[in-house]
Ligand SMILES: NC(=O)c1ccc[n+]([C@@H]2O[C@H](COP(=O)([O-])OP(=O)(O)OC[C@H]3O[C@@H](n4cnc5c(N)ncnc54)[C@H](O)[C@@H]3O)[C@@H](O)[C@H]2O)c1
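Numbering (our numbering), first residue to last: 653 to 1070.
Right, dumping it as structure tokens:
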């Protein structure tokens, strides 16, 4: 175990002896440095005292971060960004040549599945190939994207083909979006590499953030990351299916769940029901399914349950309301509570389904800034004949709507569907 960090939001101290000088072995570049994972990670390293280059092909995001503005919501990140821009530890660039000047190159570009839910095992390899001329012997390349198993080995072969002597490690990211700054400093870090030197360098690097590193073989670590997200996705599906069973039977899922949990630790981890969405859980479950030759019944069944929930909710509403003349208000378009991220949000599936049925659908969200079709909450509350809570933002807890509310999240305990 190697660790020098601490789970606190204050800047790491003492900083002075850690500041970069020529010959230091801890200069870091993040490839994909303005993304949801790359940016908080870069901020955390820079705040720990490391000189960090955030390299990204998205020029608008680079300009925004350089100007001190976060491109998305991340708790405590504004404060850290201001600090590391002021102390000179952070450099923003679209120029890949800056990658050659660092010791650790962390690759954390997106790894989405395509419209047929197929992963692209070549995505990370191609991104590295594009900057291959800027890599050099002696560097440490950290794979941090969530990858199809075997991609780290592909990257190792790519580097070998180009005659590069680079230590490669795979160190998966396990933060929850929105809580990255805090979690990077409190979660243990899984580290893996083919050689003791790669594992040592990975441990040393992440030791700047966390007190605990957990070594695994490379392929074990690739699977550990996929299993982590798949496990959550399956748990949400189990809760959602139980919700549907209870509701179809006329029973109250939340009352049952509360009774199951009360002073009974073995059931304590049953999640509430809700839309299980976002850029990772379905995607990584499908990566694992593809890896297992599409033989992953639990994963595919979870997809059917979770992706089918919006349709189930619309059926539930239609069973008691003639939607054709009604205005439906959709509360929350982000993929989860207290987030501004709409990537793979099931709120939009719900919106599409409701638009087929309802007279009008009005959408609102206090955090989302990238959707031009949103209305202020007050207007939605005033004009809607019926409300559906799609994302469980805290602000909705205190609402006392005058119209029926469909609230799968159990956010407004007094507002039962009518
Ligand atoms: N979002 C999460 O909560 C989360 C959590 C854990 C792991 N992950 C994994 O981390 C990875 C990144 O996810 P994300 O949500 O940060 O994606 P993202 O789309 O927010 O960020 C990716 C960034 O990479 C940049 N990029 C793309 N190609 C590039 C290239 N060739 N060179 C330089 N920059 C490039 C993009 O412009 C973007 O800013 C994925 O594999 C994801 O599964 C995500």
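Every residue gets a Cβ at the ideal spot worked out from N, C-alpha and C, and that includes glycine.
Between residue i and ligand 1, is the CB less than 7 Å from at least one heavy atom?
i            : result
residue 688  : yes
residue 779  : yes
residue 762  : yes
residue 965  : no
residue 829  : yes
residue 782  : yes
residue 1019 : no
residue 709  : yes
residue 797  : yes
residue 720  : no
residue 634  : Within the shown structure, residues of the chain are numbered from 653 to 1070, placing residue 634 beyond reach of any answer.
residue 1053 : no
residue 823  : no
residue 932  : yes
residue 684  : yes
residue 1043 : no
residue 890  : no
residue 713  : yes
With DSSP as the reference, please indicate the residues paired to residue i in a beta bridge.
i            : result
residue 746  : BP columns for residue 746 are empty, so no partner.
residue 981  : 1014 and 1039
residue 1026 : 1015
residue 756  : 680 and 792
residue 844  : 822 and 868
residue 878  : None; residue 878 has no bridge partner.
residue 704  : 680 and 742
residue 1055 : None; residue 1055 has no bridge partner.
Going by C-alpha to C-alpha distance, which of the options sits closest to residue i?
i            : options                 : result
residue 938  : 770, 813 and 689        : 770
residue 935  : 918, 1047, 807 and 877  : 877
residue 976  : 748, 1025, 1012 and 678 : 1012
residue 703  : 830, 736, 732 and 924   : 736
residue 959  : 809, 927, 967 and 682   : 927
residue 1009 : 965, 1025 and 1047      : 965
residue 1057 : 999, 1020 and 980       : 980
residue 680  : 687, 751, 709 and 784   : 751
residue 767  : 1014, 691 and 996       : 996
residue 720  : 709, 880, 733 and 708   : 733
residue 941  : 712, 691, 707 and 799   : 799
residue 828  : 716, 783, 1005 and 932  : 932
residue 1059 : 967, 983 and 718        : 983
residue 1021 : 994, 906 and 754        : 994
residue 904  : 709, 715, 1062 and 713  : 1062
residue 776  : 753, 811 and 742        : 811
residue 875  : 892, 911, 824 and 858   : 824
residue 707  : 700, 701, 691 and 925   : 691
residue 1055 : 1049, 1038 and 1047     : 1038
residue 951  : 1005, 880 and 873       : 880
residue 925  : 860, 856 and 898        : 898
The stretch 860 to 869 in contact with the stretch 841 to 850 per 3-pair CB rule at 8 Å: The stretch 860 to 869 is in contact with the stretch 841 to 850.
Touching by the beta-carbon criterion (3+ pairs, under 8 Å), the stretch 974 to 993 and the stretch 913 to 925: Output reads no: the stretch 913 to 925 does not touch the stretch 974 to 993.
Sufficient close CB pairs (3 or more, under 8 Å) joining the stretch 1034 to 1042 to the stretch 722 to 734: Contact fails: fewer than three Cβ-Cβ distances are below 8 Å.
Cβ contact (3+ pairs, closer than 8 Å) linking the stretch 817 to 829 and the stretch 784 to 803: Below 8 Å, enough C-beta pairs join the stretch 817 to 829 and the stretch 784 to 803 to call them touching: three or more.
Contact between the stretch 826 to 839 and the stretch 691 to 700 (3+ Cβ pairs under 8 Å): Flag = yes, the stretch 826 to 839 and the stretch 691 to 700 touch.
Meets three-Cβ-pair contact criterion under 8 Å: the stretch 984 to 992 and the stretch 1037 to 1053: Contact holds: three or more Cβ-Cβ distances are below 8 Å.
Any 3 or more C-beta pairs closer than 8 Å across the stretch 791 to 806 and the stretch 751 to 764: A contact exists between the stretch 791 to 806 and the stretch 751 to 764.
Cβ contact (3+ pairs, closer than 8 Å) linking the stretch 847 to 859 and the stretch 879 to 887: Because the criterion of three Cβ pairs below 8 Å is not met, the stretch 847 to 859 and the stretch 879 to 887 do not touch.
Touch test, the stretch 798 to 812 against the stretch 945 to 956, Cβ-Cβ under 8 Å, three pairs minimum: In short, these stretches do not touch, since the Cβ pair count stays below three.
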